[in-house]
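With the UniProt record's numbering, the residue at position 147 of the sequence shown is 147, and numbering never jumps.
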Amino acid sequence: MDNKGNARPKWDSPVQFILACVSYAVGLGNVWRFPYLCQMHGGGGFLIPYLLMLFLEGVPLFYLELAIGQKMRLGSIGAWTAISPYLGDVVTSLYLCLYYNIINGWSFWYLFHSFQAVLPWSTCPLAANQTEECQLATPTQYFFYRETLNISPTIQTNGGIHTGQALCLLLAWIITYLFIVNGVKSTGKVVYFTATFPYIVLTIYLIRGLTLHGAVNGIIYMFTPKMEELANPTTWINAATQIFFSLGLGFGSLIAFSSYNQYNNNFERQAIIVSFVNSGTSIFASIVTFAIYGFKATVNYENCLDRVRLLLMNTFNLPKTYPLEFAQIADKVETCDLTKELSTAVEGTGLAFIVYSEAIMNMPLSQLWSVLYFFMLLLLGMGSMLGNVTAIITPMRDFKMFSGISDELLNGLVCIFCLLLGLGFTTPSGNYWFTMFNDYGATFSLLFIVLIEVVTVSYIYGLKRFSKDIEDMLGHAPNLYWKIMWGGISPLLLIALLIFYIVNYIRGGTPTTRPGTRTWARLWSPEYPVFGQAFIGS
1 MDNKGNARPK
11 WDSPVQFILA
21 CVSYAVGLGN
31 VWRFPYLCQM
41 HGGGGFLIPY
51 LLMLFLEGVP
61 LFYLELAIGQ
71 KMRLGSIGAW
81 TAISPYLGDV
91 VTSLYLCLYY
101 NIINGWSFWY
111 LFHSFQAVLP
121 WSTCPLAANQ
131 TEECQLATPT
141 QYFFYRETLN
151 ISPTIQTNGG
161 IHTGQALCLL
171 LAWIITYLFI
181 VNGVKSTGKV
191 VYFTATFPYI
201 VLTIYLIRGL
211 TLHGAVNGII
221 YMFTPKMEEL
231 ANPTTWINAA
241 TQIFFSLGLG
251 FGSLIAFSSY
261 NQYNNNFERQ
271 AIIVSFVNSG
281 TSIFASIVTF
291 AIYGFKATVN
301 YENCLDRVRL
311 LLMNTFNLPK
321 TYPLEFAQIA
331 DKVETCDLTK
341 ELSTAVEGTG
351 LAFIVYSEAI
361 MNMPLSQLWS
371 VLYFFMLLLL
381 GMGSMLGNVT
391 AIITPMRDFK
401 MFSGISDELL
411 NGLVCIFCLL
421 LGLGFTTPSG
431 NYWFTMFNDY
441 GATFSLLFIV
451 LIEVVTVSYI
461 YGLKRFSKDI
471 EDMLGHAPNL
481 YWKIMWGGIS
491 PLLLIALLIF
501 YIVNYIRGGT
511 PTTRPGTRTW
521 ARLWSPEYPV
531 FGQAFIGS
């Protein structure tokens, strides 16, 4: 029963709960963040700290949040208040919802444009061919930054709302609302699709990717370890951070999901399954991505060689300028480097909407591959949004003040509120705000929240009491591994991460992803004003 005397909704089966957690945890970070880190930190060598952090940090904290939700049968705020009357929880999912759905809006935008006879990012528009933007940037960069975002030179330079993007964002919120309109009753049915279809697309892409010319070059590069990276502290910090954020810890979503479980549901086994599925998906998606990397890098490398051959042929026709032409050839030969092409690390929107788009347009039947890819991206984003919105609505439902509001109305009001605030991301300066929100806004708060979670459970609520609660639900107490993680190792890792981010902030650390690639940045070198620097710590 909930606090209003009504029977609390439940998942129809444990399978629904597992799929909901998989759909939430397996998201865009698995596709665009993990491959970047793997590439930046030595391919196979990065997997060693990554898998260690999975056991030391990821699985124990995932287990802890599921146990809390299932025991207290409340959303994040109610659950933490029940554990200690002096503690509440910040529902950071509200913050995430404000900007995360714009990515789904971009996915809709690209999906709709994928049905054209010629993909619009394959060439610059005729009217723009003579502009500086098209001369310095590739067509895929131009389409994303000019056609999709209509990005301004600085965050302070603003303009009207991009109508096309606003409509796509509206559509994303309408779909989100339909998915969660009846709470877990509707969400439980949707996750069968959002949790499984991306794997079908990834498998299709893997098969296609392995047949692409040069794909093997990318895969070999991925699994060739640079063991010296193990001595780099940043490698370990990034591995821990990736585990932390890819599992979606600290947002309240996992607590909300597990609060709808049967009291004796075996969440221990489910925590292990979902954690390993999430990490396995990251590796799987990276193989697909590096196959695409290999294809793209090989095409660029061979195109470079073709230009050198053409220059060489012209040289033979111009013997009088032979020394000058020979020098030009030497310069060209030095730039034709396959390893350099493969080592160019790109993450975030640059990988998802530029690198993949460029690779897709070089494939036969490019429209088909484009539709499949952006539909998969859309489902990954929507799956994560289900968890984010549920984390907002579940605590609200636990308060008596919302007892007179129907599920349909309350869910709709939350979606409308987030939509209206999210329209700011469809303006020309919106991508700068997106970057700040995505890179820095939730980092400190999430790390702090989860640290408070594990410290509260271990030292305020008490490990003995918590173990007894788990034994009451599962029929057996947690083993020594879980207790060691909760009582010592996991909190220490979280403290280390917090210290790293604080030191990085003081030293003037910059976001890993800013609007524009190196080429695009040459157009106007975007900068953040003082208030933006204070927000992101740069």
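Backbone N, C-alpha and C define an ideal beta-carbon position, used for all residues, glycine too.
Query	Result
Y459, buried or exposed, once every other Cβ within 10 Å from all chains shown has been counted against 16	exposed
Buried or exposed by the 16-neighbour rule on C-beta atoms within 10 Å, applied to R309	exposed
Cα-Cα separation between F417 and R397, rounded to whole angstroms	17 angstroms
Length of the line joining the Cα atoms of F466 and N266	16 angstroms
7 angstroms Cβ cutoff met for L421 and I161	no
S384 burial status per 10 Å Cβ neighbour count (16 or more: buried)	buried
Inter-residue Cα distance where the pair is T435 and W173	20 angstroms
Assigned secondary structure, A285 (DSSP; H/G/I helix, E/B strand, else coil)	helix
Reduced DSSP category for Y100 - H, G, I as helix; E, B as strand; rest coil	helix
L372 versus I392: straight-line alpha-carbon distance, rounded	31 angstroms
Contact check, Y100 vs G248, beta carbons under 7 angstroms	no
Between the CA atoms of V457 and S13 - distance to the nearest angstrom	28 angstroms
Cβ pair count under 8 angstroms reaching 3, the region 294-305 against the region 498-507	no
Separation of L28 from A285, as counted between CA atoms	10 angstroms
Contiguous beta strand (DSSP E) assignments of at least 3 residues, all confined to the region 443-498	none
Exposure of Q135, with buried meaning 16 or more beta-carbon neighbours within 10 Å	exposed
Short Cβ contact (7 angstroms threshold) for L56 with S279	no
Enclosing alpha helix (DSSP H) for T390 [first to last residue]	366-397
Touch test, the region 249-268 against the region 375-390, Cβ-Cβ under 8 angstroms, three pairs minimum	yes
Coarse secondary structure for W11, derived from DSSP in three states	coil
N- and C-terminal bounds of the alpha helix (DSSP H) containing A359	356-361
Neighbourhood of W369 by C-beta, 8 angstroms cutoff - its chain only, sequence neighbours within 5 removed	Y205, R208, I360, M363
Candidates E147, S445, G404, A352, of which the one nearest P35 by Cα	A352
7 angstroms Cβ cutoff met for L446 and G218	no
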